[in-house]
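**Student:** Residue numbers (the numbering used here), protein chains in the order written: chain H, 337 to 646; chain L, 12 to 233.
The C-beta atom is built at its ideal place from N, Cα and C for all residues, glycine as well.
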Amino acid sequence: MSLKTPSKLEKMLSQGHLAVTSECGPPRGSDPEAIRKKAGLIKDYVDAVNVTDNQTSVTRMSSLAACIHLKLMGVEPIFQMVTRDRNRIAIQSDILGAASFDIFNMLCLSGDHQSFGDNPKGQNVHDLDSMQLVQTVRFMRDEGKFLGGGDISRPPKIFVGAAANPFADPFEIRVPRLAKKIAAGAEFIQTQCIYNLDKFEEWIKGVCDRGLHEKTAILAGVTPLKSAGMAKFMKNRVPGMDVPDEVVKRMADTPKDKQADEGIAICIETIERLKSVEGVKGFHIMAIEWEEKVPEIVERAGLYPRPETG
Amino acid sequence: MIVAEKKPVEEIIGYVKDCQKILILGCNECVTVCEAGGKKEVGVLASTLRMYFLNQGKDVKIDEITLERQCDHEYLEEIRDVADEYDGIVSLACGVGVQFMAEKYHSVPIYPGVNTCFLGATEQRGLWTERCQACGNCMLALTGGICPVSRCAKRLLNGPCGGSSNGKCEISKDIDCAWQLIIDRLKALGRLEDYEKICDIKDWSTDRAGGPRKVVREDVQI
Ligand code: SF4
Ligand code: SF4
């Protein structure tokens, strides 16, 4: 398979290794140390690091700036971009900005609604949606053109990803929706955190039945639970999150001081089970404000050391 | 129709508290249907203001008129002879009517008495919901007759997002997910395969983005 970009993630996947990605949320401030510190904790344990874009609509340091900090310390960033906050001019401009720093991966998202964040009175843009953002990055890369038709000097070389939530409704279009994202040009997919493995396996079976797993690389998303409270919060409060009762119960039945360990154990079991599932090409470990646990998860899940891609 | 909501009376009092002679001007169209600015609401607001001024010990004259429409020269002309007598007019029409009044009658301050909310329908008495944002390039043929521009909180043209849950939108359990409705409808029409057609990047120049819009029909002009 010939590579389309210099992305390390693309290379890892093309060599048939299970890829491992993780994420860092930029700080609520301008201190670059905050992002460098998080990235430093995980850099040797993952192939690439997603940098979230004002996640849950809470204002933070810009994703692009944080990606640049990562890049400068030798970490491969995945630049997350939401369509909530930028029109098509700003989108194309930021893509070029990222490309100018040789940022080789992007994850295209629509973003949570602003009502969840610290500026619920603000506008949202959504000039494009996530599907059209995928098309835009691919168009800029593959055709070397702006949406307006003009030529781009030094087009971006970006490996393009999108998110998939197998647990959102309506379930019946979750496979067609993935097909649509692939048709739009998504080369890798990172899924919503998986706690309901049966449902995930049902989804990915549908994906494989249509041969879609050959057309994009699906990284299964996992998030270690820190406590029973977090499990309940994710279950009841986070839109599109599916935390089965057994998982909540397992956390709640564990003594408080052992719950974090139990959460890590569940996470590792999830990875172990999904490793052999057809269509899973890697893992996206989202340890929210718990980055220091990523190395342990990667090691105990047998994903360390990370292969050399040459 | 255009759906509006009555402004809090305190806000209206703030505008007219120093007036001596006030006209409350209703409109017999949309704002009557959505019970925000028709003859009945004109009466209620006038009585409330009369009461207020009485309590303040002020002698303020308050008149009530409801026009057929406030977005039409013809009907606005009906108050040509009396408009100047007032030192404040509270229009209970939508924002269009308020502005058309202000454009016509320069010497009297016109105050809005309603908040103009959206283009919507009466689901049941006392419940109006949004249906259209006048994007100027209607795409309902593609989406089974359900508008993602006005009814999806992120106006996604290729939804649903990952937050759709049990038919409801991620922003509230009281709001239907437009994309759930679209998919249900496509299914009922036997057109679910249409879901996989990617909707191209939209031309928003016909929307608010393109600046104030105009429809010109020379063939019907006199
Ligand atoms: S597509 Fe545009 S014109 Fe049609 S209903 Fe929606 S907002 Fe209105
Ligand atoms: S849940 Fe449905 S209506 Fe709400 S933003 Fe997502 S796709 Fe749009």
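#1: Determine the extent of the alpha helix (DSSP H) in which F507/H is found, giving its start and end residues.
#2: Residues of chain L with CB under 9 Å from L514/H, in chain order?
#3: With a threshold of 8 Å between beta carbons, is I624/H in contact with chain L?
#4: Is L168/L close to chain H? Criterion is C-beta to C-beta, closer than 8 Å.
#5: Does the Cβ of F507/H have 16 or more other Cβ atoms within 10 Å, making it buried, or fewer, making it exposed?
#6: Just to confirm, are C163/L and W139/L a CB contact at a threshold of 8 Å?
#7: Going straight from the alpha carbon of G182/L to that of F452/H, what length do you get?
#8: Whole angstroms is fine: what's the gap from L34/L's alpha carbon to A113/L's?
#9: Beta carbon of C444/H: closer than 7 Å to some heavy atom of ligand 1?
#10: Which one of P575/H, K535/H, G547/H, K562/H has the shortest CA to CA distance from A556/H?
#11: Suppose you measure from the CA of Q110/L to the CA of I100/L; what does that come to, to the nearest Å?
#12: Considering only their Cβ atoms, is the gap separating I431/H from V387/H smaller than 8 Å?
#13: Specify, as a first and last residue, the run of the alpha helix (DSSP H) that G25/L falls within.
#14: Ligand 1 and M622/H: does the residue's C-beta get closer than 7 Å to at least one heavy atom of that ligand?
#15: Assuming contact is defined by CB atoms lying nearer than 8 Å, are G576/H and A504/H in contact in what I supplied?
#16: What are the boundary residues of the beta strand (DSSP E) that Q528/H is part of?
#17: I want to know whether the stretch 590 to 597 of chain H touches the stretch 563 to 579 of chain H - three or more CB-CB distances under 8 Å.
#18: Look at the alpha carbon of M570/H and the alpha carbon of N177/L, and state the distance between them as a whole number of angstroms.
#19: If you run the structure through DSSP and keep just helix, strand and coil, what is D438/H?
#20: Just curious, the beta strand (DSSP E) that A132/L is in, first and last residue?
#21: Work out the CA separation of K115/L and F524/H for me, nearest whole Å.
#22: Thinking C-alpha only, which one of S393/H, K493/H, R510/H, G352/H is nearest V647/H?
#23: Determine, using beta carbons only, whether S118/L comes closer than 8 Å to chain H.
#24: In the structure shown, what three-state DSSP assignment does S429/H receive?
#25: Buried or exposed for R199/L, going by 16 or more other Cβ atoms inside 10 Å?
#26: For the putative contact between L151/L and C210/L, defined by C-beta atoms under 8 Å, what is the C-beta separation to the nearest angstrom?
#27: Here's a check: name, in chain order, each residue in its chain whose Cβ is nearer than 7 Å to the Cβ of I121/L, leaving out the five neighbours to either side.
#28: List the residues of chain L that I488/H touches, going by C-beta distances under 7 Å, in chain order.
#29: According to the neighbour-count rule (16 or more other Cβ atoms, all chains shown, within 10 Å of its Cβ), is E550/H buried or exposed?
#30: Return yes when the C-beta of G174/L is under 7 Å from any heavy atom of ligand 2, and no when it is not.
#31: Along chain H, which residues have their Cβ under 8 Å away from the Cβ of N177/L?
#32: Pick out whichever of S343/H, K379/H, K340/H has its Cα sitting closest to the Cα of S358/H.
#33: Whether or not the stretch 22 to 41 of chain L and the stretch 77 to 94 of chain L are in contact is what I'm after, with contact meaning three or more pairs of Cβ atoms, one per stretch, closer than 8 Å; do they touch?
#34: For ligand 1, enumerate in chain order all residues having a CB closer than 6 Å to any of its heavy atoms.
#35: Under 7 Å from any heavy atom of ligand 2, does the C-beta of A164/L make it?
#36: Let me know the beta strand (DSSP E) ranges lying completely inside the stretch 36 to 85 of chain L, each 3 residues or longer, listed in chain order.
**Tutor:** Let me lay it out:
#1: It is not in any alpha helix (DSSP H) - F507/H carries neither H nor E in the DSSP assignment.
#2: Correct list: empty, because the minimum Cβ distance to chain L is about 10 Å.
#3: no
#4: yes
#5: exposed
#6: no
#7: It should be noted that the sequence gives Ile, not Gly, for residue 182/L. Spanning the two alpha carbons is a distance of roughly 8 Å.
#8: 14 Å
#9: no
#10: K535/H
#11: 12 Å
#12: no
#13: 20 to 27
#14: no
#15: yes
#16: 524 to 529
#17: yes
#18: 16 Å
#19: coil
#20: 125 to 135
#21: 60 Å
#22: Nothing about residue 647/H can be reported from this structure: the residues present for chain H run from 337 to 646 only.
#23: no
#24: helix
#25: What sits at residue 199/L in the sequence shown is Ala, not Arg. The residue is exposed, with fewer than 16 neighbouring Cβ atoms inside 10 Å.
#26: At roughly 12 Å, the Cβ-Cβ gap does not stay under 8 Å, so L151/L and C210/L are not in contact.
#27: I100, S102, V109, M112, A113
#28: Going along chain L, no residue has its Cβ under 7 Å from I488/H, so there is no contact; the nearest lies around 17 Å.
#29: exposed
#30: yes
#31: D505
#32: K379/H
#33: yes
#34: C143/L, Q144/L, A145/L, C146/L, C149/L, M150/L, L151/L, C158/L, V160/L, S161/L
#35: yes
#36: 72 to 78
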